[in-house]
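Working notes, beginning with the structure itself.
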Amino acid sequence: MSVVIFSHPACNKHNLGTDHPEQPGRLHAIFDQLLSSGLDYAISHQTATAATDAQLALAHDKAYIRHVIDKSPEQGSVWLDDDTAIMNRSLEAARFAAGAAINAVDWVMQRENAQAFCAIRPPGHHAESAQAMGFCLFNNIAVAAKYALQQYHLSRILILDFDVHHGNGTEQIVKNDPCILFCSSFEYPFYPHPDLTETTHILKLPLAAGSDGSAFRQGVTTQWIDKIADFAPQLVLVSAGFDAHYEDEMANLKWHEADYAWIAQQLKTIAQQSSHGRIVACLEGGYDHSALGRSVVAMLKSWL
Ligand SMILES: [Zn+2]
Numbered sequence: 223m224s225v226v227i228f229s230h231p232a233c234n235k236h237n238l239g240t241d242h243p244e245q246p247g248r249l250h251a252i253f254d255q256l257l258s259s260g261l262d263y264a265i266s267h268q269t270a271t272a273a274t275d276a277q278l279a280l281a282h283d284k285a286y287i288r289h290v291i292d293k294s295p296e297q298g299s300v301w302l303d304d305d306t307a308i309m310n311r312s313l314e315a316a317r318f319a320a321g322a323a324i325n326a327v328d329w330v331m332q333r334e335n336a337q338a339f340c341a342i343r344p345p346g347h348h349a350e351s352a353q354a355m356g357f358c359l360f361n362n363i364a365v366a367a368k369y370a371l372q373q374y375h376l377s378r379i380l381i382l383d384f385d386v387h388h389g390n391g392t393e394q395i396v397k398n399d400p401c402i403l404f405c406s407s408f409e410y411p412f413y414p415h416p417d418l419t420e421t422t423h424i425l426k427l428p429l430a431a432g433s434d435g436s437a438f439r440q441g442v443t444t445q446w447i448d449k450i451a452d453f454a455p456q457l458v459l460v461s462a463g464f465d466a467h468y469e470d471e472m473a474n475l476k477w478h479e480a481d482y483a484w485i486a487q488q489l490k491t492i493a494q495q496s497s498h499g500r501i502v503a504c505l506e507g508g509y510d511h512s513a514l515g516r517s518v519v520a521m522l523k524s525w526l
């Protein structure tokens, strides 16, 4: 197995201040923990390129992309929805975040048994095709999925989203695309207050406030694993949010690093069965810096 991290310094220029939970220190915490864990020596680092308008348009309305460009301020900040603001470096950061996801798809598709983690901000899974939401401007994982379908002529892609919040934006973008199996676990009831309707290719695993990783593991094992195996994804994509951690005060689940190691191991097994080991994970949430860094290390350690 070979593990690569895609990132770009521009991702940390998106900065809405120390009062905002989605802040540059999140990526610093990940890179610091990789170094102090000793894992960094085993991982290769790649610098991302920026996504073009045409690449963003794989998952977003052209008018929405133009809207974000036009709204981008030269100074100060502008709100795109109730909790999503942009400042003068946000658009650039978002382009590199989506670009990293595309670069990571290219990397794993051109190799055997390769896993990529995109250490990126802003996150993406709440962004809908024409709407910023929940700190997200562009839906990085959906852009990656649509790019992979087109560029590599794939017909079966898994997106598994284990962020504590439902990936509403991803669901909205992929709901009419049966080439994509979307499996999302989330605290429920909780933001973004999804309905629990499932289809053959949209699977949802609501988890009660206060539940620990065992409820998640049982749900994945009994409700998802067989369906994913039957689907036989040719590429495994992961919306990797770490805000279900018990130390993370954004939400109310009680997961530990071992739970992230466990789901990473499940994803690796799935990928080895049908996708030549190819996995691309994009950072979503995770707001307690120490827990975030340790949990990312636990995930990557499972892949090495
Ligand atoms: Zn989240």
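Quick note: the sequence shown uses the working numbering, first residue 223, plus one each step. By construction, the Cβ of each residue, glycine as well, lies at the ideal position given by its N, Cα and C atoms.
> From H348 to M355, what does the alpha carbon distance come to, in whole angstroms?
Replying inline: On the sequence shown, residue 348 is found 126 positions in, with the first residue counted as 1. On the sequence shown, residue 355 is found 133 positions in, with the first residue counted as 1. When rounded, the distance between both Cα atoms is 5 Å.
> Is F228 closer than 8 Å to C340 when the C-beta atoms are compared?
Replying inline: Along the sequence shown, read from residue 1 onward, the residue named residue 340 stands at position 118. Along the sequence shown, read from residue 1 onward, the residue named residue 228 stands at position 6. Yes, Cβ-Cβ distance for C340 and F228 is below 8 Å.
> A366: which of P231, H498, L457, E479 sits nearest, CA to CA?
Replying inline: Stepping through the sequence shown from its first residue, residue 366 is reached at position 144. Here the closest residue by C-alpha is L457.
>> Using a Cβ-based criterion (distance less than 7 Å to any ligand heavy atom), does E393 qualify as near ligand 1?
In response: Here the question's residue 393 lines up with position 171 in the sequence shown. Incorrect: E393 has no Cβ contact closer than 7 Å to ligand 1.
> Tell me which same chain residues have a C-beta within less than 8 Å of the C-beta of L376, skipping the five on either side of it?
Replying inline: Position 154 of the sequence shown holds residue 376. Answer for L376: A370, C401, Q456, L457, listed in chain order.
> Regarding G507 and ligand 1, is the C-beta to nearest heavy atom distance less than 7 Å?
Replying inline: As a position in the sequence shown, residue 507 is number 285, starting the count at 1. G507 Cβ: within cutoff of ligand 1.
> Quick one: Cα of D292 to Cα of F412, how far?
Replying inline: Reading the sequence shown from its first residue, position 70 is the one you call residue 292. Reading the sequence shown from its first residue, position 190 is the one you call residue 412. Going from the Cα of D292 to the Cα of F412 covers about 32 Å.
> Taking all protein chains shown into account, do 16 or more other C-beta atoms lie within 10 angstroms of the C-beta of G463, making it buried, or fewer, making it exposed?
Replying inline: Mapped onto the sequence shown, residue 463 falls at position 241. Counting Cβ neighbours within 10 Å, G463 comes out buried, since at least 16 surround it.
> At a cut-off of 7 Å, is V386 close to ligand 1 when judged by its beta-carbon and the heavy atoms of the ligand?
Replying inline: The count along the sequence shown starts at 1 and reaches residue 386 at position 164. Yes, Cβ of V386 sits closer than 7 Å to a heavy atom of ligand 1.
> Cβ atoms of H478 and A251: under 8 Å apart, would you say?
Replying inline: Against the sequence shown, residue 251 aligns to sequence position 29. Against the sequence shown, residue 478 aligns to sequence position 256. Against a cut-off of 8 Å, the Cβ pair of H478 and A251 comes out as no contact.
>> Less than 8 Å between the C-beta atoms of I461 and N335, yes or no?
In response: Your numbering for residue 461 matches position 239 in the sequence shown. Your numbering for residue 335 matches position 113 in the sequence shown. The question names Ile, yet the displayed sequence has Ser at residue 461. No, the Cβ-Cβ distance between S461 and N335 is not below 8 Å.
> Distance, Cα to Cα, T274 vs R343?
Replying inline: What you label residue 274 is simply residue 52 of the sequence shown in a count that begins at 1. What you label residue 343 is simply residue 121 of the sequence shown in a count that begins at 1. Distance between the alpha carbons of T274 and R343: 17 Å.
>> Is it buried or exposed, P168, if we count other Cβ atoms within 10 angstroms and call 16 or more buried?
In response: Outside the displayed span of the chain (223 to 526) sits residue 168, for which this structure offers no information.
>> Is the beta carbon of V386 closer than 8 Å to that of F360?
In response: Here residue 360 corresponds to residue number 138 of the sequence shown, with the count starting at 1. Here residue 386 corresponds to residue number 164 of the sequence shown, with the count starting at 1. Their beta carbons are not under 8 Å apart, which means F360 does not touch V386 by this criterion.
>> Our contact map puts R248 next to G508 with C-beta atoms below 8 Å; I'd like the distance itself, whole angstroms only.
In response: In the sequence shown, counting from the first residue as 1, residue 248 sits at position 26. In the sequence shown, counting from the first residue as 1, residue 508 sits at position 286. So it is a contact: roughly 7 Å between Cβ atoms.
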